[in-house]
Amino acid sequence: MPQKYDIIMGDKFEEFHQAFKDVKKCESKKFCFKKSFKINGKETIGSKKNEFNSLNHNNKQILNNEEYIQNHPEGNSKSKYVFKRVDPVDLKNSVQPIQHKAKSSQINNTNKVTIINSSLNPSKEGYIDVQQTKAKSSQISNTNKVTIINSSLNPSKEDFMDDEEFERRFGNGETSNQLHLNCNNLEYSFNKSSEEEMKGITLNDFDLSDINWEEHFDSKEESKCNKNNLQTQSSVLNQFNRRKDDSEEFQGTYPHSEIVFETLNHKFGLQSFRPHQREIINASLNSHDIFVLMPTGGGKSLCYQLPAILAPGVTIVISPLRALISDQVDKLNALDIPSAHLCSDVSKSDTNTIFNKLCVREPLLKLLYLTPEKIVSSCKVLDMLKNLYERDKLARVVIDEAHCLSQWGHDFRPDYKQLSLIRRQFSKVPIICLTATATKQVQGDVVNILHLKDVKTFIRSFNRPNIKYKVIPKSGKNVINEIAALIKSKFLKKSGIIYCLCRADCDNLAKDLCRVGIKAKPYHAGMADKAREKQQREWMQDQFHVIVATIAFGMGIDKPDVRFVIHNSIPKSVEAFYQESGRGGRDGKVSYSYLFYNYNDVVRLQKLITMDRSMKKHTLDGHFESLKQMVSYAENKVDCRRYLQLVHLGEYFDKKLCLQDKDTICDNCENVTEYKKYGC
Ligand SMILES: Nc1ncnc2c1ncn2[C@@H]1O[C@H](COP(=O)(O)OP(=O)(O)OP(=O)(O)O)[C@@H](O)[C@H]1O
3 MPQKYDIIMG DKFEEFHQAF KDVKKCESKK FCFKKSFKIN GKETIGSKKN
53 EFNSLNHNNK QILNNEEYIQ NHPEGNSKSK YVFKRVDPVD LKNSVQPIQH
103 KAKSSQINNT NKVTIINSSL NPSKEGYIDV QQTKAKSSQI SNTNKVTIIN
153 SSLNPSKEDF MDDEEFERRF GNGETSNQLH LNCNNLEYSF NKSSEEEMKG
203 ITLNDFDLSD INWEEHFDSK EESKCNKNNL QTQSSVLNQF NRRKDDSEEF
253 QGTYPHSEIV FETLNHKFGL QSFRPHQREI INASLNSHDI FVLMPTGGGK
303 SLCYQLPAIL APGVTIVISP LRALISDQVD KLNALDIPSA HLCSDVSKSD
353 TNTIFNKLCV REPLLKLLYL TPEKIVSSCK VLDMLKNLYE RDKLARVVID
403 EAHCLSQWGH DFRPDYKQLS LIRRQFSKVP IICLTATATK QVQGDVVNIL
453 HLKDVKTFIR SFNRPNIKYK VIPKSGKNVI NEIAALIKSK FLKKSGIIYC
503 LCRADCDNLA KDLCRVGIKA KPYHAGMADK AREKQQREWM QDQFHVIVAT
553 IAFGMGIDKP DVRFVIHNSI PKSVEAFYQE SGRGGRDGKV SYSYLFYNYN
603 DVVRLQKLIT MDRSMKKHTL DGHFESLKQM VSYAENKVDC RRYLQLVHLG
653 EYFDKKLCLQ DKDTICDNCE NVTEYKKYGC
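Under the working numbering, the first residue of the sequence shown carries the number 3, and numbering increases by one thereafter.
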């Protein structure tokens, strides 16, 4: 019987790709990844269990792997995956011996992971349907092994890698302590001894956002965000698309249209509107209550700042972040737009000056920024607002980060909830709510709490078309060289952010990068306030280009020309990843997001989460669930990255859109396209 196919063995899609390129002369048009089992000394193939079974019907000597395992309770089946060039009509034939075996040195993914991705059909059409990554166990600290079944298929024993084979091929690490993570039934079982590994490390070594949240706010009292309100975004799949969007209603020309464009050009120095901005401004100038959901960097500020200049009176902006407030006020004043804020660091005399400016017949300020607690707890401020309202000088109230109003929002803040007083006290004043993160439930909450009337809703796609997403297998200590090489080759003198898991990682990586000639500085909550502010300022002013930070860095930072965001370690959720990588390319130009991934970092993060003894079980589960989804994202080598992110955020995304721009096509779509080129 002539051999109709070769088997190319490897552990990664890229390896197969490379091997495939090397074997260009092959005649078969169909390629696929196949799973192979060596049973009773014979190699058998099949990507799914049913294929495997049908194969067995035709070869009675070969036992089904499951039967084999049952008959051999020691579970000594030799299973592995191979990338196989196959003639699909000849699936029943015997298997050619392995011809090309990927070097284990190329295999640098750290833990032992098996992924079955069921979103693609099995072999008939030659799809890529099974993929496996393995790693040297020497790279695995205390060798936690994981099997992830990312599929509707039920995991079976055959989906788990054989320990012995793994050890034989990839190292000499200890394999006894197993961490088993099963994505299908959401069960986690942790190795008790993992706590040992974290000895000497405390929670303070990390900057978990909910732990350090308070640093960003105006006072410690403001920081009572609700740790217990983690939400599983995937549960809101597609509701995004079903939400009402009123943008069409406001696309026309209005009497104010000319002056709006003039202001955009001359006051803000901008040439054109970004999607939805014009419509939101039109609705605002028509005095509607408005709810805006727009992605990070989408240009929400302009939507209320421009109407604020054109409308008579003062616009009040309520924002939770002191840093963001002063940044915005500085920018507005630099544009000659009279603005001020009343955060706790404003001196008494400056406060008096601001009050005086507001008291005159025609107020001398166009925008006044306040924190929510200022409006809720300061009688003086409330009286001043009443005074403006009675004189018809309160143009509108803007609530930034409006998701903080809702118990369901991941950053719920009780002070925000009390903002319901705005409608009670100033019933005729239009309210604009803005957020970059709100589920339908949060949106409903916001509308109800604030008693918005006939609210006009504007929802923009969360796709960031100018960001190129790529996940890169992380190779232990060599990652430093890889990051350095990446920066030197692509981003020399370009602004970038590198996110690390903990403070020590930031310090070390920044030092290492400096050593190889890249000026990088750390930023984390362990640094003194002044040092941190200095670091941020210098980076904003391009005195150095690369900031190596924990997640304490980034909220409210508006640097338009960030060309790359590198995650040196897995973020805690897809949402966090979206937000952090979204800090690149705010100017609309191409920006790169690289996630260096290995499973060691997941284990570190899991351990960190379990270290927080104050966390209630459901909060802990929420963290694990979020992390698990992030792992699925990182491990997925087939589906469009944008699709995966947006589905997670509750938005359906047409994968074809990712293919439209070759500069920003995601790594997975790029790979699939490459394969198609070769007739796969
Ligand atoms: N029409 C436009 N043309 C060009 N640049 C714009 C436009 N609108 C806004 N920008 C720029 O985009 C950047 C992001 O805007 P902005 O800070 O308003 O975003 P945002 O939606 O508030 O983001 P975040 O949620 O992160 O605060 C800013 O640098 C801003 O100057």
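We put the CB at the ideal spot given by N, CA and C, even for glycine.
As the structure is a computational prediction, the values presented were derived from the model and not from experiment.
Any non-hydrogen atom of ligand 1 closer than 8 Å to residue i Cβ
| i | result |
| --- | --- |
| Pro374 | no |
| Gln279 | yes |
| Pro562 | yes |
| Met296 | yes |
| Gln273 | yes |
| Gly315 | no |
| Asp589 | yes |
| Leu511 | no |
| Ala325 | no |
| Leu436 | yes |
| Leu607 | no |
| Arg565 | no |
| Lys302 | yes |
| Arg276 | yes |
| Leu488 | no |
Inter-residue Cα distance where the pair is residue i and residue j
| i | j | result |
| --- | --- | --- |
| Leu323 | Lys657 | 35 Å |
| Tyr525 | Val550 | 6 Å |
| Ala397 | Thr317 | 5 Å |
| Ala486 | Leu515 | 6 Å |
| Gly498 | Lys479 | 21 Å |
| Val674 | Pro309 | 46 Å |
| Leu488 | Asp509 | 19 Å |
| His620 | Ser477 | 33 Å |
| Lys492 | Lys472 | 14 Å |
| Arg693 | Ile461 | Any property of residue 693 remains undetermined from this structure, which presents the chain solely from 3 to 682. |
| Pro573 | Val633 | 9 Å |
| Asp165 | Lys639 | At Asp165 the pLDDT is 30, less than 50, meaning the model places this residue with poor confidence and gives no usable figure here. |
| Met617 | His625 | 10 Å |
| Val399 | Met613 | 42 Å |
| Ile292 | Ala285 | 8 Å |
| Cys668 | Ile520 | 27 Å |
| Lys246 | Ser289 | 19 Å |
| Ser259 | Gln662 | 32 Å |
Beta-ladder partner(s) of residue i, from DSSP
| i | result |
| --- | --- |
| Ala487 | Its beta-bridge partners do not exist; DSSP assigns none. |
| Arg398 | Thr317 |
| His268 | His268 is not bridged to any residue. |
| Tyr306 | BP columns for Tyr306 are empty, so no partner. |
| Val473 | Leu597 |
| Cys767 | Given a span of 3 to 682 for the chain in the structure shown, any question on residue 767 remains unanswerable. |
| Leu659 | DSSP lists no partner for Leu659. |
Burial state of residue i (16 or more Cβ within 10 Å)
| i | result |
| --- | --- |
| Asp447 | buried |
| Pro475 | buried |
| Asn600 | buried |
| Asn670 | buried |
| Leu597 | buried |
| Val362 | exposed |
| Ser379 | exposed |
| Gly271 | exposed |
| Cys381 | exposed |
| Gln631 | buried |
| Asn358 | exposed |
| His268 | exposed |
| Leu494 | exposed |
| Gln543 | exposed |
| Ser321 | buried |
Test item: CB-CB of residue i and residue j under 9 Å
| i | j | result |
| --- | --- | --- |
| Val518 | Asn570 | no |
| Leu304 | His343 | no |
| Ile339 | Ile377 | no |
| Leu629 | Ser595 | no |
| Ser422 | Leu452 | yes |
| Ala313 | Leu287 | yes |
| Ile327 | Thr373 | yes |
| Gly300 | His278 | yes |
| Lys395 | Pro432 | no |
| Gly315 | Arg466 | no |
| Ile469 | Val592 | yes |
Beta carbon proximity, residue i to chain B, threshold 9 Å
| i | result |
| --- | --- |
| Ile611 | In the structure shown, chain B does not exist; there is a single protein chain. |
Ligand 3 heavy atom lying under 8 Å from the CB of residue i
| i | result |
| --- | --- |
| Gly586 | Of the ligands one can find in the structure shown, namely ligand 1, none is ligand 3. |
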